[in-house]
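First to last, the protein sequences are chains A and B.
Mapping of the first sequence onto our numbering: position 184 corresponds to residue 184, and the numbering continues sequentially without gaps.
Offset between the second sequence (1-based) and our numbering: plus 1000.
The structure under discussion appears below in the form of structure tokens.
2 protein chains.
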Amino acid sequence: MNKVLKKEHFILPEGVIYLDGNSLGPMPKTVPQRLGGVMTEEWAQMLIRGWNKAGWMAMPSGVGDAVGRLIGAPKGSVVMGDTLSVKVYQALAAGLKMRPERKIILSDTGNFPSDLYMAEGLVGLLGQGYELRTVAPEEVAEAIGDDIAVVMLTEVDYRTGRKHDMKTITELAHAAGAVMVWDLAHSAGAIPVDLAASNCEFAVGCTYKYLNGGPGAPAFIYIRPDLADAAQPALSGWLGHDSPFDFDLNYRPAKGIERMRVGTPPVLQMAALEEAMKVWEGVDMADVRAASIALQEQFIAEVERDVPQLTLASPRDSAVRGSQVSFRFEHGYAAMQALIDRSVIGDFRAPDIMRFGFTPLYLDSDDVTAAVKVIRDVMDNRLWDNAAYKVKSRVT
Amino acid sequence: MNKVLKKEHFILPEGVIYLDGNSLGPMPKTVPQRLGGVMTEEWAQMLIRGWNKAGWMAMPSGVGDAVGRLIGAPKGSVVMGDTLSVKVYQALAAGLKMRPERKIILSDTGNFPSDLYMAEGLVGLLGQGYELRTVAPEEVAEAIGDDIAVVMLTEVDYRTGRKHDMKTITELAHAAGAVMVWDLAHSAGAIPVDLAASNCEFAVGCTYKYLNGGPGAPAFIYIRPDLADAAQPALSGWLGHDSPFDFDLNYRPAKGIERMRVGTPPVLQMAALEEAMKVWEGVDMADVRAASIALQEQFIAEVERDVPQLTLASPRDSAVRGSQVSFRFEHGYAAMQALIDRSVIGDFRAPDIMRFGFTPLYLDSDDVTAAVKVIRDVMDNRLWDNAAYKVKSRVT
């Protein structure tokens, strides 16, 4: 039984089985009405007054609390804004400042490339011996030494779904005197996260995947509450100032997590996300996890029974897997196009990964069975072997 | 005659005279329908496929070209994204990398504080003698010496509307070997700008003021085309990568201005802005400027004739003034609240500036006369002397 199923809260196109909510979540039904109201009743009628009267200025904190509830973050410790890449940069820069005598950021090759790129840009800007060191995911524990300033990892691998042990790695980082930054892009709304218990200094994540905030929805950043007043913002924008409307000439960081705000918040995207977060009211992440594992186990069993052409790329043990299942297939790109053409939507990640996300808020056991049937048909009948499916477009 | 008047393209609340389009532009009428379509036909129906099928991925460049046309930037030299503060940071960081032997960013005290804060954050992160030097606006020319790496100025002063001479200062910066960064927040859509002729290396700006993109609309960044392939992105996010969907482990900047993209673009805000930019089709900035000056001159003349309590804070010479007029008044905050309560909306900037923006796309000469009547009433009858108008809320 999937006790968190809320299909009626989402718009899902007729006939589509959507296994890509780990890339872009579907639209919660009430978002258009909410955004319509923000446009015609707030922007159009209140104009500049909307910042106060409609509460636009407070949205980054208010939505931050709603996201915080799902990841074990205390009230007032999460704020929304910008993109995940920018939030990664903020966390890394603040983390390095906390360990001025050290110069190495440690990450792994399973991390999402943009996290690595942002770190590369930061150490390149700093020069002076700063370094990004990248090891294989299974070598991270061993690589955490007392020369590491910041350990930055994504909890759930975007390709395979392999899950790091957040608590253990954070303990290792702390034992070595390093600051810990977790990227929760594939965790928030996907699996239970207990940030407070993990004791990590920083966490960041996006909201357009499992949280269904819409394309380009704002990102989030968390700082452990006892450290927030000491964190030095590198991106010291006016809305992270203690008193932005005094228009002082010098920057003075706001108290707590508010200092991680940068520029003017994207009100339309914030409103869409705020509305989308309502779907989560009363939802327990432990129930989501149980339902997700049940769907994934069913999917693996049925694919392995019926589709021998595919090889499991995700960990078999659900305890170390996030909320997605990936299979390897030599012609994975074309095969995924063939599936999408037949209304089973997953995605492809180079070089050969077919990726399927499991989101129990709008997927049930019948969807899984129906999807596997289509996958089997595409494989058994080599429907992927079609020139049209081999032309790589920029986004898959 | 105001030949650019297009009032019918905007929603303006009944009875309101809106003199704050320099802070947040009003809503173009077609935005709700467009955004409704993006939600229900694109996000909801195409889901992840929207990135290609609906052209979401290309929006930052396409909208960049529409903005570029208004500021004299060649096609392909402007890209949208993030917030203005983040774009300032990108321009400054790339500018410093172009002058590795110099360490000083020069700006002025009339610059918008967030620009100064971002520079402060950047030099603080770099340490090693990097410095932000700030002088009075009238001392900038003299302060440009051969120790300056980057000169960063906002063309139009956010408080007084005083306009820097873009071409002359850029020439001075170049003669001293410095890189020039212009912030066009109060210029784009307000006054004619010829970026190509100015020869500056970087320009940045926002789109929620005169371009009417909505609250939190994306910012823009321009790099002079001959330099774009050499600019080093400090915020090296995946969508600025040459081939983001190869998921390489190392960053390799995209060709040209695309390298200034960072994370996933905010599609809903981009669509609202793209729609808002349609209002500008066929509009000549020289006509906008002529109409704006006529409205401003009328306003100054009528206020100085009828409201002696106010003192002009803007330059009297329209040639060195942007598209706003500011007056000083000791009780400016309360007076502006009294005006807003009477449907004449301007805004207040500390310590005593009452600021009025002139936007000829939706303001005409009758609006100016009607506004001055209300201002006179508020002043002559001391309507500002009311406890309710003296409580400072966070945003004005």
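For each residue, glycine too, the CB sits at the ideal point set by N, CA and C.
Residue i: contacting residues in chain B (beta-carbon distance under 7 Å)
i             : result
residue 39/A  : 1027, 1031, 1032 and 1035
residue 109/A : 1249
residue 272/A : 1268
residue 345/A : 1047 and 1048
8 Å contact criterion, which residue i and residue j should meet: CB distance rounded
i              : j              : result
residue 1054/B : residue 1046/B : 6 Å
residue 240/A  : residue 23/A   : About 30 Å separates the two Cβ atoms, so there is no contact after all.
residue 1201/B : residue 1181/B : 7 Å
residue 1354/B : residue 1335/B : 6 Å
residue 80/A   : residue 1039/B : Not really, about 20 Å apart at Cβ, beyond 8 Å.
residue 1367/B : residue 1017/B : 5 Å
residue 88/A   : residue 115/A  : 5 Å
Neighbour flag for residue i against chain B, beta carbons, 9 Å
i             : result
residue 135/A : no
residue 279/A : no
residue 64/A  : no
residue 128/A : yes
residue 93/A  : yes
residue 200/A : no
residue 384/A : no
residue 205/A : no
residue 397/A : Here chain A covers residues 1 to 396 and nothing more, so residue 397/A does not appear.
residue 24/A  : yes
residue 222/A : no
residue 17/A  : no
residue 371/A : no
residue 5/A   : no
residue 125/A : yes
residue 177/A : no
residue 122/A : yes
Test: residue i CB closer than 9 Å to a CB of chain A
i              : result
residue 1265/B : yes
residue 1262/B : yes
residue 1149/B : no
residue 1241/B : yes
residue 1232/B : yes
residue 1140/B : no
residue 1189/B : no
residue 1182/B : no
residue 1244/B : yes
residue 1097/B : yes
residue 1451/B : Since the displayed chain B opens at 1001 and closes at 1396, residue 1451/B lies outside it and no answer follows.
residue 1363/B : no
residue 1219/B : yes
residue 1169/B : no
Where residue i meets chain A, residues with beta-carbon distance less than 7 Å
i              : result
residue 1011/B : 44
residue 1247/B : 113, 349 and 350
residue 1333/B : Near residue 1333/B there are no residues of chain A at all, since even the closest Cβ is about 11 Å away, more than 7 Å.
residue 1295/B : What residue 1295/B touches in chain A: nothing, since even the nearest Cβ is about 18 Å away.
residue 1072/B : Ordered by position in chain A, no residue passes the 7 Å Cβ test against residue 1072/B, which lies about 25 Å from the chain.
Chain-ordered neighbours of residue i on chain B, where CB pairs are closer than 8 Å
i            : result
residue 20/A : 1047 and 1048
residue 86/A : 1082, 1086, 1235, 1237, 1262 and 1263
C-beta atoms of residue i and residue j nearer than 9 Å
i              : j              : result
residue 1140/B : residue 1130/B : no
residue 1071/B : residue 1184/B : yes
residue 1193/B : residue 1095/B : no
residue 299/A  : residue 267/A  : no
residue 263/A  : residue 238/A  : yes
residue 197/A  : residue 323/A  : no
residue 97/A   : residue 269/A  : no
residue 338/A  : residue 310/A  : no
residue 346/A  : residue 5/A    : no
Per-residue contacts from residue i into chain A (C-beta, under 9 Å)
i              : result
residue 1076/B : Under the 9 Å cutoff, chain A gives no residues; its nearest Cβ is about 17 Å from residue 1076/B.
residue 1210/B : Chain A residues near residue 1210/B: none, gap ~14 Å exceeds 9 Å.
Neighbouring residues, chain B, relative to residue i (Cβ below 9 Å)
i             : result
residue 357/A : Per Cβ cutoff of 9 Å: no residues; residue 357/A is ~10 Å from chain B at best.
Closer than 8 Å at the beta carbon, the chain A residues around residue i
i              : result
residue 1322/B : Going along chain A, no residue has its Cβ under 8 Å from residue 1322/B, so there is no contact; the nearest lies around 17 Å.
Exercise. For the region 1279-1344 of chain B, which segments carrying the beta strand (DSSP E) assignment without a break, of at least 3 residues, lie completely within its bounds, in sequence order?
Worked result: Those beta strand (DSSP E) runs which fall completely within the region 1279-1344 of chain B and span 3+ residues are 1324-1328.
Exercise. At which residue ranges does the region 1037-1063 of chain B contain complete alpha helix (DSSP H) runs of 4 or more residues, listed in the order of the chain?
Worked result: If only uninterrupted alpha helix (DSSP H) runs of at least 4 residues are considered, those enclosed by the region 1037-1063 of chain B are 1050-1053.
For this session: Mind listing, in chain order, the continuous alpha helix (DSSP H) runs of no fewer than 4 residues lying wholly within the region 1109-1187 of chain B?
Result: Counting only unbroken stretches of 4 or more residues, the alpha helix (DSSP H) elements lying wholly within the region 1109-1187 of chain B are 1113-1126, 1140-1143 and 1166-1175, in sequence order.
For this session: Note down, one range per segment and in chain order, each alpha helix (DSSP H) of at least 4 residues found wholly within the region 1064-1101 of chain B.
Result: Entirely contained in the region 1064-1101 of chain B, the alpha helix (DSSP H) runs reaching 4 residues are, in chain order, 1084-1098.
For this session: Note down, one range per segment and in chain order, each beta strand (DSSP E) of at least 3 residues found wholly within the region 1212-1277 of chain B.
Result: Counting whole runs of 3 or more residues, the region 1212-1277 of chain B contains the beta strand (DSSP E) stretches 1219-1223.
Exercise. Taking only runs of the alpha helix (DSSP H) that begin and end inside the region 337-394 of chain A, which ones reach a length of at least 4 residues, in chain order?
Worked result: Taking only runs of at least 4 residues, the alpha helix (DSSP H) segments lying wholly in the region 337-394 of chain A are 365-380.
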